[in-house]
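Numbering (UniProt numbering), first residue to last: 1 to 206.
All C-beta atoms, glycine included, are put in the ideal place defined by N, C-alpha and C.
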Amino acid sequence: MTLASTPSVPFARLRAGWDSAHAPVAGVPRWARIAAMAVPLTVLPSGLWRIAAFALHLPILSGNALETDAAGGDLPGWVPLEAYVVLLSILSEAVAFTALGMIAGWGEVFPRWLPGLRGRRVPISVAVVPGVVGAAILTPMWTLSVVNCLVFQETVQGRPLPEGFPIHFHDWQGVLGAVAYAPLVAWGPLLAAVTLAYWRRRTRAS
Numbered sequence: 001m002t003l004a005s006t007p008s009v010p011f012a013r014l015r016a017g018w019d020s021a022h023a024p025v026a027g028v029p030r031w032a033r034i035a036a037m038a039v040p041l042t043v044l045p046s047g048l049w050r051i052a053a054f055a056l057h058l059p060i061l062s063g064n065a066l067e068t069d070a071a072g073g074d075l076p077g078w079v080p081l082e083a084y085v086v087l088l089s090i091l092s093e094a095v096a097f098t099a100l101g102m103i104a105g106w107g108e109v110f111p112r113w114l115p116g117l118r119g120r121r122v123p124i125s126v127a128v129v130p131g132v133v134g135a136a137i138l139t140p141m142w143t144l145s146v147v148n149c150l151v152f153q154e155t156v157q158g159r160p161l162p163e164g165f166p167i168h169f170h171d172w173q174g175v176l177g178a179v180a181y182a183p184l185v186a187w188g189p190l191l192a193a194v195t196l197a198y199w200r201r202r203t204r205a206s
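In structure tokens, the structure reads:
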């Protein structure tokens, strides 16, 4: 009986941690919960696409896109592209995941694993200021990047895309890249909406 139940203990702890990270607190509107849950999903496709294309080298890039300057960009030669892509994707997803703090308990009370802060109320500004700044940066950045790339075939600076750029509408590989990056346009607006809901709820309760 004990042996049979032992493997379920780590799973139960993982499930409890997952639930506590996602479970909304009282007073969170349904639309705010949906918006907060959607934020990490706007970042996930591009991260998976980068890892598949540039870290795992799966055949989802057309032509010689992996060998062009567009693949490494301004990355220093001593930094492995594969490691950079994986770390960038994980970091992007972790940043996007913080939007869930706007609806969950750990966005109102510091979690137990933070020494010196555990159990204390999270100041409203600590969540709202980064949320507003992030939304103000992400909204124009990704809107301009995606629109310029897919519609005008240009970089944000207005220069033509480098030859072999992997995101386009010329073949299925390019379309796959476009589909992976298009959801990023919604990251900023969703974050702004969730931040506004968080600010309203916290200020009314205080």
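Taking C-alpha positions only, Ser145 is separated from Pro115 by approximately 40 Å. The Cβ-Cβ distance between Ala99 and Val39 falls below 8 Å. Note on geometry: alpha-carbon atoms of Pro189 and Thr139 lie some 6 Å from one another. Three or more Cβ pairs closer than 8 Å define a contact, and the segment 89–104 meets that threshold against the segment 181–199. In the three-state DSSP reduction, Pro24 falls in the strand class (E or B).
Taking C-alpha positions only, Val25 is separated from Phe165 by approximately 44 Å. Sorting Trp142, Arg50, Trp187 by C-alpha distance to the C-alpha of Met37 places Trp187 at the top. Using a Cβ distance threshold of 8 Å, Ala23 and Ala193 do not count as a contacting pair. In the three-state DSSP reduction, Glu108 falls in the coil class, being neither helix nor strand. The beta-carbon distance between Ala127 and Val43, rounded to whole angstroms, is 19 Å. This is too long to meet the 8 Å contact definition. In this structure, the beta-carbon distance from Ile51 to Val86 falls below 8 Å.
Under DSSP, Pro160 forms a beta bridge with Glu154. Ser125 is classed as exposed because its beta carbon has fewer than 16 other beta carbons within 10 Å across all chains shown. Collapsing the DSSP output to three states places Arg121 in a strand. In the three-state reduction of the DSSP assignment, Phe11 falls in the helix class, which pools H, G and I. The beta carbon of Leu48 lies closer than 8 Å to those of Ser89, Ala180 in the same chain, with the five residues before and after it left out.
The beta carbon of His168 sits closer than 6 Å to the beta carbons of Gly174 from its chain, once the five residues preceding and following it are set aside; these are given in chain order. For Ser62, the three-state secondary structure derived from DSSP is coil. The three-state secondary structure of Ile103, taken from DSSP, is coil.
Close CB contacts of Glu163 within its chain, under the 6 Å cut and outside five residues either way in sequence, are absent. Separation of Leu117 and Leu56 (C-alpha to C-alpha, rounded to the nearest whole angstrom) is 40 Å.
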